[in-house]
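In UniProt numbering, the protein residues as written are 1 to 180.
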């Protein structure tokens, strides 16, 4: 078998990161092995270490990528559209493609810190900035959004789940629209 071109190696790396970001949000970091990621990406397990020094390095990059994708999706949308999309049953029911704050939060809280925690903190700050003009009120709004999403996922299948989403939407509805 011949060597993989640099372009193909870059594509493979992107596929690994995208696959990991989805799987980690669906099952949690501890619930996904390197072999799981590589198999889902259609690559061999042995090729992983050509791209990453460790699973922790992949987790940090997956977090960074997930927040970048979220930022791209949110940019240009006002607050009302953001709230409707974020506090929706579709978002609640699809964690693999959902908010990285909610999807990675529990895992990062249990992590030793380092690059994973830094990537997560930067992502959360960026998410909060997209909610308004900046400042502590946006951090509080981000906390309410993520908390409501987590609670609604934990109570999915019950009336309470939908009520949590509706209550958060109502509580945040009066926020000043974001630019865009």
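Where is the CB? At the ideal position from N, CA and C, for every residue including glycine.
Taking the C-alpha atoms as reference points, what is the distance between residue i and residue j?
i           : j           : result
residue 87  : residue 159 : 15 Å
residue 181 : residue 51  : Examination of residue 181 is not possible in this model, given that the chain is present from 1 through 180 alone.
residue 36  : residue 42  : 10 Å
residue 18  : residue 24  : 10 Å
residue 180 : residue 143 : Summary for residue 180: the model assigns pLDDT 36, below 50, so the residue's position carries little reliability, and this model does not support an answer.
residue 110 : residue 57  : 16 Å
residue 151 : residue 90  : 15 Å
So, are the CB atoms of residue i and residue j less than 8 Å apart?
i           : j           : result
residue 31  : residue 106 : no
residue 81  : residue 115 : no
residue 140 : residue 165 : no
residue 83  : residue 173 : yes
By DSSP, does residue i sit in helix, in strand, or in coil?
i           : result
residue 139 : helix
residue 150 : helix
residue 107 : helix
residue 17  : helix
residue 144 : helix
residue 168 : helix
residue 132 : coil
residue 24  : helix
residue 64  : helix
residue 181 : The first residue shown for the chain is 1 and the last is 180, placing residue 181 beyond what the model contains.
residue 91  : helix
If contacts are defined as beta-carbon pairs under 8 Å, then residue i and residue j qualify, I think. What distance do you get, rounded to the angstrom?
i           : j           : result
residue 153 : residue 95  : 7 Å
residue 63  : residue 127 : At roughly 12 Å, the Cβ-Cβ gap does not stay under 8 Å, so residue 63 and residue 127 are not in contact.
residue 101 : residue 34  : Not confirmed; about 24 Å, so no contact.
With 16 as the cutoff for other CB atoms within 10 Å, does residue i come out buried or exposed?
i           : result
residue 45  : exposed
residue 119 : buried
residue 70  : buried
residue 4   : exposed
residue 113 : exposed
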